[in-house]
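**Student:** Here you go, one structure.
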Amino acid sequence: MRRVVRAGAACALAVLCSFLGGTARAESPEDAFDAAGRAYEQGKWDEAAEGFRALLRYGFADPRLEYNLANAEFKRERLGPAILHYERARRLDPSDPQIRENLALARERLRDLVEDADASGPLAAWHALQERVGVSAQAWFLLAGVWIVAILVAWSGSRPGGFTPGRGWALSVAIAFTLLAALSWRATWTRLAGTPRAVVLAPAVEALAGPAMNNASLFTLHEGTTVEVGGEREGWLQVTLPNGLSGWVPGDAAERI
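So this is what it looks like as structure tokens:
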């Protein structure tokens, strides 16, 4: 398990200071962050977790805070909250290798080993590459492709001979690149942020055939399992596993990522 990370959060926390103003003069967010980091390094996992969580209560979304809180929860052997905050950190910064490595390490302790058709092979490698590049970088590739296509069209249209075979091929390649960037960006965003997901926090919970306790039990989920959320009804969540199994669990048994 990698150490708590401090670098990179100071500037962002400084922005939070401007919102807190004089109400927290006794301890600035930077001081609170450093204090939580020191507690972690001293092995005071409860104190560290509460310190990082206190900063998140301000509504301050930062991958380093989520990652550090996940590390502290993992040290406390609270697998569900650890995976929940690793997942939130990954959603905020999918290109960070430390987040991905620690999330994979935490998942090794899961009791529910659910087969995913896309978990291996070329498609899994492609998904991993997309996450390393990140959603933002792919958006920039898409924007660059649009500009290249526009420039090629304008330039070819203004030159003698118009769209010669060479210019046509260049434009075709640019269009293909732009379409691939658009599809990749959309798929990555949907997988990481566009699909509602949740992490089971209860030690064990029965997934039922309907949103009521008198329904039949379909399968059991254990702490730390990540599920897709298909619907919500009066304190119940409809959850689906990667292998297609679906059922209803109480809303307080899982928390949305």
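In the numbering used here, each residue carries its 1-based index in the sequence shown increased by 27.
For each residue, glycine too, the CB sits at the ideal point set by N, CA and C.
Predicted model, so just to flag it, every value in this text is computed and none were measured.
1) Does residue 257 come out as helix, strand or coil in the three-state DSSP assignment?
2) Near residue 216, which residues of its chain fall below 8 Å by C-beta distance, leaving aside the five closest residues on each side in sequence?
3) Report the rounded CA-to-CA distance for residue 108 versus residue 84, giving the unit in angstroms.
4) I'd like to know whether the C-beta atoms of residue 184 and residue 204 end up nearer to each other than 8 Å.
5) My guess is that residue 345 and residue 266 are in contact by the Cβ rule of under 8 Å, so how many angstroms apart are they, rounded?
6) Does the ligand COA have even one heavy atom less than 7 Å from the beta-carbon of residue 224?
7) Apart from the five residues on each side of it in sequence, which residues of its chain come closer than 6 Å, Cβ to Cβ, to residue 229?
8) By how many angstroms is the C-alpha of residue 92 removed from the C-alpha of residue 130?
9) Going along the chain, which residues of its own chain have a beta-carbon closer than 7 Å to the beta-carbon of residue 52, five neighbours each way excluded?
10) Using DSSP bridges, identify the partner residues of residue 264.
11) Out of 219, 259, 264, 211, which has the shortest C-alpha to C-alpha gap to residue 232?
12) Inspect the beta-carbon positions of residue 157 and residue 211 and report whether they are closer than 8 Å.
13) Between which two residues does the beta strand (DSSP E) containing residue 234 stretch?
14) Are three or more beta carbon pairs between the stretch 118–138 and the stretch 96–106 nearer than 8 Å?
15) With DSSP collapsed to three states, give me the class of residue 151.
16) Report the CB separation of residue 59 from residue 81 in whole angstroms; it is logged as a contact under 8 Å.
17) Assuming residue 100 is part of the alpha helix (DSSP H), what are its boundary residues?
18) With DSSP as the reference, identify every bridge partner of residue 283, one or two as the case may be.
19) Within this structure, are the beta carbons of residue 209 and residue 169 separated by less than 8 Å?
20) Using DSSP bridges, identify the partner residues of residue 249.
21) Could you check whether residue 126 and residue 117 sit closer than 8 Å to each other, using their CB atoms as the reference points?
22) Go ahead and label residue 73 buried or exposed: buried means 16 or more other beta carbons lie within 10 angstroms of its beta carbon, across all protein chains shown.
23) What's the call for residue 56, buried or exposed, on a 16-neighbour Cβ count within 10 Å?
24) When the Cα atoms are used, what is the spatial distance from residue 39 to residue 254?
25) Just mark residue 270 as buried or exposed, buried being the case when its beta carbon has 16 or more other beta carbons within 10 Å.
**Tutor:** According to the data block:
1) Taking the first residue of the sequence shown as 1, we reach residue 257 at position 230. Reduced to three states, the DSSP call for residue 257 is strand.
2) Locating residue 216 in the sequence shown gives position 189, where the first residue counts as 1. So the list reads 162, once near-sequence residues are dropped.
3) To locate residue 108, count along the sequence shown from 1; it is residue 81. To locate residue 84, count along the sequence shown from 1; it is residue 57. One C-alpha to the other measures close to 15 Å.
4) Within the sequence shown, numbered from 1, the residue matching residue 184 stands at position 157. Within the sequence shown, numbered from 1, the residue matching residue 204 stands at position 177. Against a cut-off of 8 Å, the Cβ pair of residue 204 and residue 184 comes out as no contact.
5) Because residue 345 is not part of the residues shown, which for the chain are 28 to 284, the question remains open.
6) For the ligand COA, the structure offers nothing, since it holds no ligand at all.
7) By one-based count along the sequence shown, residue 229 stands at place 202. For residue 229, where only same-chain residues beyond five positions count, the Cβ hits under 6 Å are 280.
8) In the sequence shown, the residue the question calls residue 130 occupies position 103. In the sequence shown, the residue the question calls residue 92 occupies position 65. Cα to Cα, residue 130 sits roughly 15 Å from residue 92.
9) Reading the sequence shown from its first residue, position 25 is the one you call residue 52. Confidence is the limiting factor: at residue 52 the pLDDT is only 46, short of 50, which leaves the residue's position unreliable, though a coordinate-based value still follows. Excluding sequence neighbours, residue 52 sits near nothing in its chain.
10) If you number the sequence shown from 1, residue 264 lands on position 237. Per DSSP, 259, 276.
11) One-based indexing of the sequence shown puts residue 232 at position 205. Ranking 219, 259, 264, 211 by Cα distance to residue 232 puts 264 first.
12) In the sequence shown, residue 157 corresponds to position 130, counting from 1. In the sequence shown, residue 211 corresponds to position 184, counting from 1. Contact: yes.
13) Along the sequence shown, one-based indexing puts residue 234 at 207. Start and end: 231–235.
14) A contact exists between the stretch 118–138 and the stretch 96–106.
15) In the sequence shown, counting from the first residue as 1, residue 151 sits at position 124. In the structure shown, residue 151 sits in a helix (DSSP, three-state: H, G or I).
16) Residue mapping note: residue 59 aligns to position 32 of the sequence shown, counting from 1. Residue mapping note: residue 81 aligns to position 54 of the sequence shown, counting from 1. About 7 Å separates the two Cβ atoms, so the contact holds.
17) In the sequence shown, the residue the question calls residue 100 occupies position 73. Taken as a continuous stretch (DSSP letters only), the alpha helix (DSSP H) holding residue 100 covers 90–102.
18) Taking the sequence shown and counting its residues from 1, the one referred to as residue 283 is at position 256. For residue 283, which the question treats as bridged, DSSP gives the partners 225.
19) By 1-based counting over the sequence shown, the position of residue 209 is 182. By 1-based counting over the sequence shown, the position of residue 169 is 142. Yes, the Cβ-Cβ distance between residue 209 and residue 169 is below 8 Å.
20) Position 222 of the sequence shown, counted from the first residue, corresponds to residue 249. Residue 249 is bridged to 231.
21) Residue numbering aside, residue 117 sits at position 90 when the sequence shown is read from its first letter. Residue numbering aside, residue 126 sits at position 99 when the sequence shown is read from its first letter. Contact flag set, yes.
22) Here residue 73 corresponds to residue number 46 of the sequence shown, with the count starting at 1. Flag for residue 73 reads exposed.
23) In the sequence shown, the residue the question calls residue 56 occupies position 29. Buried.
24) Within the sequence shown, the letter at position 12 stands for residue 39. Within the sequence shown, the letter at position 227 stands for residue 254. No answer about residue 39 holds up, because its pLDDT of 43 lies below 50 and its placement is not dependable.
25) Working through the sequence shown from its first residue, we reach residue 270 at position 243. With fewer than 16 other Cβ atoms within 10 Å, it is exposed.
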